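A.B. asks: Supplied in structure tokens, the structure appears directly below.
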Amino acid sequence: IEEEKKKNQQLLEEQRFLQTNLQIQELELLNLKGEKENLENLLKQKEIFITNKPEEKETLTREMNEIKNQLTAQETLIETKNHEIKKGQEQIQLLINQLKVKEENLETLQKEIHNKEELLKTKEKELEETKNISSQAKTTLTEEITALKEDINQKQIHFDIQLLLKDEHIQTLEEHNLRLQQELTTKQEETKSLRTQHEKTLAEIQKQIENYQTQVTELEQ
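Counting in my numbering, the sequence shown runs without a single skipped number right up to 763 at its last residue.
Encoded structure:
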């Protein structure tokens, strides 16, 4: 029973590990989309430049092609990140399903051990209370009792061994989870900084667009 509980703890640790990693992936996706939006706005800015300054068409066209290539690469990164996030979500769901099965197995195991312990008590009581039984019947009953005790003891020994083997794995998961939590904090700070920078960039681009539109209007007049 203790071993099953330990396995459940391990699955919970793995689930927390994956959920934290998923949060990091989602933040990275948000950053990638922000960078893509910056590139799109930069491309829009260049398109306005090429309209207002035809003499720089060759240079601006080259710059626009470079931006388009960067956008294509960015879209590939976003697609990859989406795939990673989907995979992470599937892994978490798999662990949730495994935990559900483990809980059911734990209940079955508890019932099995309880039934064997009750059967053992019955056999011991039968041996104690039965006076007039043959030597062969007594030997058979004693062997059944011994087999039940050995079965229960073997299960407990198996649980204890598995418990020791899982300790190191769980400790490793906890350490990984701690590192991921630290990475998540860093990513959150980076995202906040990138969002601020993104807003500043958008404001600057919008300002430049308005300036060029004003210049075009003045030239037309």
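Glycine residues also receive a C-beta, built at the ideal position from the N, C-alpha and C atoms. All of these numbers come straight from a predicted model, not from anything done at the bench.
In chain order, what residues of the same chain lie with their CB nearer than 6 Å to the CB of Q633, ignoring the 5 residues before and after it?
C.D. replies: To locate residue 633, count along the sequence shown from 1; it is residue 91. Once the five neighbours on either side are set aside, the close Cβ partners of Q633 are L560.
A.B. asks: Can you list, in chain order, the residues of its chain whose CB lies under 7 Å from that of Q768, leaving out five sequence neighbours each side?
C.D. replies: Residue 768 lies beyond the stretch modelled for the chain, which goes from 543 to 763, so this question has no answer here.
A.B. asks: Using the three-state DSSP reduction, which class does K672 fall into: helix, strand or coil?
C.D. replies: As a first step, residue 672 must be located in the sequence shown, where it is residue number 130. It is Thr, not Lys, that sits at residue 672 in the sequence shown. It is coil, neither helix nor strand.
A.B. asks: Who are the near neighbours of K665 in its chain, counting only those whose CB is closer than 8 Å to its CB and skipping five residues on each side?
C.D. replies: Your numbering for residue 665 matches position 123 in the sequence shown. For K665, where only same-chain residues beyond five positions count, the Cβ hits under 8 Å are L683, E686, I687 and L690.
A.B. asks: Using a threshold of 9 Å, state whether the C-beta atoms of L492 and K680 are closer than that.
C.D. replies: In the structure as shown, the chain starts at 543 and stops at 763, and residue 492 therefore has no counterpart that could be examined.
A.B. asks: Count the other CB atoms within 10 Å of the CB of I609; is the residue buried (16 or more) or exposed (fewer)?
C.D. replies: Residue numbering aside, residue 609 sits at position 67 when the sequence shown is read from its first letter. That one is buried.
A.B. asks: Cα separation between L636 and T727?
C.D. replies: If you number the sequence shown from 1, residue 636 lands on position 94. If you number the sequence shown from 1, residue 727 lands on position 185. Approximately 26 Å, taken between the alpha carbons.
A.B. asks: Starting from the Cα of L584, find the closest Cα among N611, R558 and E600 and give me that residue.
C.D. replies: Here residue 584 is taken as the residue at index 42 of the sequence shown, counted from 1. With distances taken between Cα atoms, L584 lies closest to N611.
A.B. asks: Within the same chain, show all residues whose beta-carbon is closer than 7 Å to that of I675, passing over the 5 residues directly before and after it, in chain order.
C.D. replies: For this step, residue 675 is matched to residue 133 along the sequence shown. Excluding sequence neighbours, I675 sits near nothing in its chain.
A.B. asks: Which term fits T603, buried or exposed, when burial requires 16 or more other beta carbons within 10 angstroms of its beta carbon?
C.D. replies: If you number the sequence shown from 1, residue 603 lands on position 61. Exposed, by the Cβ-count rule.
A.B. asks: Given N616, which residues of its chain have a CB within under 8 Å of its CB, disregarding the five upstream and five downstream residues?
C.D. replies: In the sequence shown, the residue the question calls residue 616 occupies position 74. The sequence given here has Gln at residue 616, not Asn. For Q616, where only same-chain residues beyond five positions count, the Cβ hits under 8 Å are L574, E577, K578 and L581.
A.B. asks: Going by Cα to Cα distance, which pick from I620, I655, Q678 and T738 is closest to L571?
C.D. replies: Residue numbering aside, residue 571 sits at position 29 when the sequence shown is read from its first letter. Of the candidates I620, I655, Q678 and T738, the one whose C-alpha sits nearest the C-alpha of L571 is I620.
A.B. asks: Hey, how far is the Cα of K588 from the Cα of S735?
C.D. replies: On the sequence shown, position 46 is the one that residue 588 refers to. On the sequence shown, position 193 is the one that residue 735 refers to. Cα-Cα distance, rounded: 25 Å.
A.B. asks: Can you list, in chain order, the residues of its chain whose CB lies under 6 Å from that of K586, leaving out five sequence neighbours each side?
C.D. replies: Position 44 of the sequence shown holds residue 586. Cβ neighbours of K586 beyond the five flanking positions: none.
A.B. asks: Is the beta carbon of K653 less than 9 Å from the beta carbon of I694?
C.D. replies: As a working mapping, residue 653 is identified with position 111 in the sequence shown. As a working mapping, residue 694 is identified with position 152 in the sequence shown. Result no, Cβ atoms of K653 and I694 do not sit closer than 9 Å.
A.B. asks: Out of K742, Q724 and E731, which one is the CA nearest neighbour of T562?
C.D. replies: Start at 1 with the first residue of the sequence shown, and residue 562 comes out as number 20. The shortest Cα separation from T562 among K742, Q724 and E731 belongs to Q724.
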